[in-house]
Amino acid sequence: MKYIFFFLFPFITFSQEKVILISYKAVYNTELPTTKNGFLYVSNNQKKTIYFTEKISKNKDDEDQEVDVTVRLNSGENQYNYFDYEKDTLFTKDDIFRESKIIKEKIPRLKWTLLEESKTIEDVTLNKATCYFRGRNYIAWYSTSTAIKSGPWKFQGLPGLIYQIYDETKRYNWFLQYVKVANYDFNSENLNFKNKETISIKEYANLKFNNNDELDSKILTKLPRGATIVNQKTFRTGFEIKFEWEEDLKED
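First residue of the sequence shown? That's 0 in numbering that gives the first Met the number 0, and the numbers climb one at a time after it.
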């Protein structure tokens, strides 16, 4: 893949409206394999970022083709991760059984192990790092020549731009496509969560994996009278399969 950069550093040369747009190709080798385009917007001072994913159109088969996309926070189809580093807060929009939820949590502190191993792609030297996060072991390749600490999904905290990152089973993979200057309004009302209903990361995990009573009630209203639901434990296959408090219980 040929990496494309459309901007020059440093950030302070940009006007107020300009931000950095970093595009990733997200390849999910799941039970239903999916490939998506990911779009990471980074504010000039890197104190705010937002990451979206959208499905790739069927007529865009060339993996090097730049995708021109307009993303909207109020779209029911778009999931996102919004980082506010000044407030140490991460907002994630995700679906739980086809119902959209906004999850609020403190920004996760990823414990990266920086390794001496490196490789070169398209004349760019990439350094290797590893990290365990919520049940999965990840391998990242990053470049210190581009001082952007944010990456796709919830990945952040490395001393350079992430070019490739994947879990050790290659189930979830992200590959850098291009970087350019773009317009984005981080002061948009869509990013004001004061009056929006949110749930905690613990509530999210409980709703998704443990307590489905509310969901069962909704399903029962659509079933014949006298029908019952046999609950089965949800098998965890997503990005996050074990959470910090569950790790703590295991240690105790």
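We put the CB at the ideal spot given by N, CA and C, even for glycine.
Hey, could you find the ends of the alpha helix (DSSP H) residue i is sitting in?
i           : result
residue 202 : 200-204
Is residue j closer than 7 Å to residue i when the C-beta atoms are compared?
i           : j           : result
residue 157 : residue 142 : no
residue 88  : residue 102 : no
residue 94  : residue 135 : no
residue 161 : residue 150 : yes
residue 20  : residue 181 : yes
residue 168 : residue 159 : no
residue 36  : residue 53  : yes
residue 34  : residue 55  : yes
residue 108 : residue 242 : no
residue 38  : residue 77  : no
residue 194 : residue 26  : no
residue 42  : residue 154 : no
residue 18  : residue 183 : yes
residue 200 : residue 104 : yes
residue 28  : residue 170 : yes
residue 198 : residue 100 : yes
Tell me, which residues are paired with residue i by DSSP?
i           : result
residue 104 : 89
residue 42  : Answer is none; residue 42 lacks a bridge partner.
residue 53  : 36
residue 98  : 95
residue 113 : 128
residue 48  : 41, 82
residue 236 : For residue 236, which the question treats as bridged, DSSP gives no partner whatsoever.
residue 149 : 155
residue 119 : 124
Looking at the secondary structure, which residues open and close the beta strand (DSSP E) in which residue i lies?
i           : result
residue 126 : 123-132
residue 22  : 17-27
residue 139 : 135-142
residue 166 : 160-166
residue 176 : 171-182
residue 84  : Unbroken run through residue 84: none, as it is neither H nor E.
Since residue i and residue j are thought to touch, with beta carbons under 8 Å apart, how far apart are those beta carbons, to the nearest angstrom?
i           : j           : result
residue 175 : residue 23  : 6 Å
residue 130 : residue 119 : Residue 130 to residue 119, Cβ: 22 Å. No contact.
residue 48  : residue 96  : Between residue 96 and residue 48 the Cβ distance is about 28 Å, and since that is not below 8 Å, they are no contact.
residue 85  : residue 46  : 5 Å
residue 238 : residue 152 : 7 Å
At a Cβ threshold of 7 Å, is residue i touching chain C?
i          : result
residue 38 : The question asks about chain C, but that chain is absent: this structure has only one protein chain.
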